[in-house]
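Listed below in structure tokens is the structure:
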């Protein structure tokens, strides 16, 4: 029996990465990644210090939710320790911006730096750009199994429901308030429909976005 028969290439693409080109493997609602064990061992020796973002966390998270709802932002990273907010926008999809959390909530800042667009239009644009790339001149580079998977994923893709965003973002506040193993940074990707949450012990969870509020409810005191 050949190696390809035992492990077809399309199965490898779907199952081998932690998060691959087509999201989390199979029907898994989340995966966990263990980081540096020395960080977990030294957690009790590292006193917690409030960051600049912690002092305005509610306002920052509300602003992040607003950006995901009503601007071109389709992915956002929140660094609670570094007080940075990194955004990716449909208006410049191959770049990202980094903003200071304190600046982000200043009057007029988001209107200067982010372009308003309805959520439904943003998600249609994501689908359109993906289709344009996958069915355009680059398509002839795709091996048959990649072509098949991309076509299936593109036709079945559904954007994250807008009404899930607020609960996801506010769940970050819950995780940040945990006393021992608390949230260090978090990210949301609307096109991928996943949330990434990393902790001060260097452990990371990658969770399906629509499941994330329930995941937090189950796993917090």
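Residue numbers (this note's numbering): 173 to 393.
Glycine included, every Cβ here is placed at the ideal spot set by N, Cα and C.
Since we're looking at a predicted model, the values are computed, not measured.
Beta-ladder partner(s) of residue i, from DSSP
{"i": "residue 358", "result": "250 and 369"}
{"i": "residue 271", "result": "257"}
{"i": "residue 288", "result": "243"}
{"i": "residue 375", "result": "In the DSSP output, where bridge partners are listed per residue, residue 375 has none listed."}
Check whether residue i and residue j have beta carbons under 8 Å apart
{"i": "residue 202", "j": "residue 387", "result": "yes"}
{"i": "residue 246", "j": "residue 294", "result": "yes"}
{"i": "residue 244", "j": "residue 262", "result": "yes"}
Helix, strand or coil at residue i [DSSP, three-state]
{"i": "residue 380", "result": "strand"}
{"i": "residue 205", "result": "strand"}
{"i": "residue 192", "result": "strand"}
{"i": "residue 220", "result": "coil"}
{"i": "residue 353", "result": "coil"}
{"i": "residue 277", "result": "coil"}
{"i": "residue 315", "result": "coil"}
{"i": "residue 263", "result": "coil"}
{"i": "residue 385", "result": "helix"}
Environment of residue i [buried if 16+ CB atoms lie within 10 Å]
{"i": "residue 267", "result": "exposed"}
{"i": "residue 204", "result": "exposed"}
{"i": "residue 355", "result": "buried"}
{"i": "residue 389", "result": "exposed"}
**Request:** Could you tell me whether the region 277–285 touches the region 335–355, where touching means 3 or more Cβ pairs closer than 8 Å?
**Result:** no
**Prompt:** Quick one: any contact between the region 232–249 and the region 270–277, if contact means 3 or more CB pairs under 8 Å?
**Reply:** yes
**Message:** Taking 8 Å as the cut-off, does the region 360–367 touch the region 313–322 (at least 3 CB pairs, one atom from each stretch)?
**Reply:** no
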